[in-house]
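**Q** Numbering (the numbering used here), first residue to last: 49 to 340. Got a structure for you, written out below as structure tokens; questions coming shortly.
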């Protein structure tokens, strides 16, 4: 119950082949589906849910291995992009959410959310893009060395699963304007409190497809190809410019993919834009969803 106390909303669970898949489902109205990334969880969207739930149905899952969801081993769950998209689809089918969806995506949530959108483009009404990608690493962007170490070395595995290095470091370097309070930082790292419970943090990094022979490379190519279907949708991009992974190269590609998007750049903010600039971004997103 300690972990449950960190969520300010009612905890709900869906059984996914024996695994408990936690999700937030607050409010009524048109659905806003918020998809988090790595190494965060539904807690990231708490302020946006509070702002929107008076007028919208806010749905925020915790990916398996994250937040309040179960954290199975590899023999019980396939930690891969396709499975993540399947999970999101199963949840939305369970909730009978099939139209007028606003997708809000961050980090890996961009690939997962847009993977779902590629399957059902007719269901998507708006897009909100927050420091994420839904395409291969831009050609001008070097693969960050810190991710390379986590992805490809035993040292990286030991640091991530033994010391929670990925989640802990992200809680410091992911904000630039103002450090997280101790309580907020502890909430981000709390789900990843043991070697066993840090499996998803590592598997997300290891699942990044960089070359054509990597698993999911073709799936990412297919998701990228689908983005043209959304270029005329109402869309908003809120971007922390000091993100060392999702940087100006990713933003430039989003501007190409969504040429009509309303773009708000925050030059003094980092990866966790909803923490760094919450007082600005939450009202911007709320107004955009309410008026487009």
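Glycine residues also receive a C-beta, built at the ideal position from the N, C-alpha and C atoms. Since we're looking at a predicted model, the values are computed, not measured.
#1: Indicate whether residue 81 and residue 57 have their beta-carbon atoms separated by less than 8 angstroms.
#2: If we count the other Cβ atoms within 10 Å of its Cβ and call it buried at 16 or more, is residue 119 buried or exposed?
#3: If you reduce the DSSP assignment to three classes, tell me which class residue 148 lands in.
#4: Kindly provide the ranges of any alpha helix (DSSP H) runs that are 4 or more residues long and lie completely inside the stretch 238 to 308, ordered along the chain.
#5: Strictly by DSSP, which residues pair up with residue 233?
#6: Could you check whether the stretch 85 to 93 touches the stretch 120 to 139, counting it as contact only if at least three pairs of C-beta atoms, one from each stretch, sit closer than 8 angstroms?
#7: Do you know whose CA, among 339, 319, 325, lies nearest residue 87's CA?
#8: Which runs of the beta strand (DSSP E) fall wholly inside the stretch 65 to 114 and span at least 3 residues, in chain order?
#9: Using alpha carbons as the reference points, say which of 268, 275, 311, 271 lies closest to residue 288.
#10: Taking DSSP as the reference, what is the three-state secondary structure of residue 179?
#11: From the DSSP output, read off the bridge partner residues of residue 313.
#12: What's the gap between the Cα of residue 296 and the Cα of residue 197?
#13: Below 8 angstroms on the Cβ atoms is my guess for residue 185 versus residue 267; work out the distance and round it to an integer in Å.
#14: Would the beta-carbon of residue 70 fall within 8 angstroms of that of residue 140?
#15: Taking the straight line between their C-alpha atoms, what separation do you get for residue 325 and residue 317?
#16: When you compare only the Cα positions, how much space is there between residue 243 and residue 195?
#17: Can we say the stretch 161 to 169 touches the stretch 267 to 281, given the rule of at least three CB pairs closer than 8 angstroms?
#18: Could you please give me the residues that DSSP links to residue 153 through a beta bridge?
#19: So residue 286 packs on residue 333, CB below 8 angstroms; how close in whole Å?
#20: With distances taken between CB atoms, is the gap from residue 97 to residue 157 smaller than 8 angstroms?
#21: Verify whether the separation of the beta carbon atoms of residue 146 and residue 171 is less than 8 angstroms.
#22: Note down, in chain order, each residue of its chain lying with its Cβ closer than 6 angstroms to the Cβ of residue 50, except the 5 sequence neighbours on either side.
#23: Taking Cβ positions, are residue 337 and residue 150 nearer each other than 8 angstroms?
#24: Could you say which of 110, 230, 339, 280 lies nearest to residue 248 if we only look at CA atoms?
#25: Exposed or buried, residue 255, counting other C-beta atoms within 10 Å across all chains shown (16 or more means buried)?
#26: Can you give me the start and stop residues for the alpha helix (DSSP H) that residue 358 sits inside?
#27: Between which two residues does the alpha helix (DSSP H) containing residue 138 stretch?
**A** Checking against the coordinates, here is how it stands:
#1: no
#2: buried
#3: coil
#4: 247 to 254, 265 to 274, 296 to 305
#5: None; residue 233 has no bridge partner.
#6: no
#7: 319
#8: 67 to 74, 79 to 83, 105 to 109
#9: 311
#10: strand
#11: 287
#12: 22 angstroms
#13: At roughly 15 angstroms, the Cβ-Cβ gap does not stay under 8 angstroms, so residue 185 and residue 267 are not in contact.
#14: no
#15: 7 angstroms
#16: 19 angstroms
#17: yes
#18: 83, 177
#19: 7 angstroms
#20: no
#21: yes
#22: Low per-residue confidence applies at residue 50: pLDDT is 47, beneath 50, and the placement is therefore not dependable enough to give any value.
#23: yes
#24: 110
#25: buried
#26: For the chain, the structure presents residues 49 to 340; residue 358 sits outside this window and is missing.
#27: 129 to 142
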